[in-house]
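Worksheet: the structure to be examined is printed underneath.
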Amino acid sequence: MKKNSKQTVQQRAAKVALRVIELEKKTFDRVAKRVGSMQDRMDKMVQKRVDAAKWMPKEGKQLVAEWVHTMKKGRGDLRKAVDTTFDLSSEFVKRVSEPAVKAKKKAPVVKKRMAHQPAAA
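As structure tokens, then:
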């Protein structure tokens, strides 16, 4: 009876952990989407200003374009890494929450006699 209650507690804890991971993933996705849209708007504004700047040399304009590209790539890489982490965390919790496979034959219990204990009669 105690073993079953322990399993149900573990299963409930795993369900809660999975819900927390799911909530954090959804929250991250929403925040990443909002930050991404803000950065995209900023990139367009910067690009318009750079294109309108007659004084800026071609190399400077290329630098800004490369910077915008690097920022987008970095956002994408971060998102992939975080998604992978959430997936791995979910898989870990699922794996840990499953009951362990019982061995067909139990290992024998070996009782060692301590040096200060007398031998059993």
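Residue numbering for the sequence shown is 68 to 188, as defined by my numbering.
Note that the Cβ used here is the ideal one computed from N, Cα and C, for glycine as well.
Here the structure is a predicted model, which means the values were calculated and not measured.
Close beta carbons around residue i, own chain, < 6 Å, minus the five adjacent residues each side
i, result
"Val160", "Ala81, Ala84 and Leu85"
"Thr151", "none"
Distance CB(residue i)-CB(residue j) smaller than 8 Å
i, j, result
"Phe153", "Lys92", "yes"
"Ser164", "Gln77", "yes"
"Gln36", "Arg142", "In the structure as shown, the chain begins at 68 and stops at 188. Residue 36 is therefore absent and cannot be evaluated."
"Arg146", "Ala99", "yes"
Own chain partners of residue i with C-beta closer than 7 Å, once the 5 adjacent residues on each side are dropped
i, result
"Val117", "Met123, Lys128 and Val131"
"Val87", "none"
"Thr75", "none"
"Glu126", "none"
"Phe95", "Val149"
"Lys140", "none"
CB contact check: residue i to chain C, cutoff 8 Å
i, result
"Val83", "The question asks about chain C, but that chain is absent: this structure has only one protein chain."
Residue span of the alpha helix (DSSP H) that contains residue i, given as start and end
i, result
"Met138", "Lys125 to Ser164"
Own chain, CB closer than 8 Å to residue i, minus 5 neighbours either side, in chain order
i, result
"Glu158", "none"
"Gly103", "Arg142"
"Arg79", "none"
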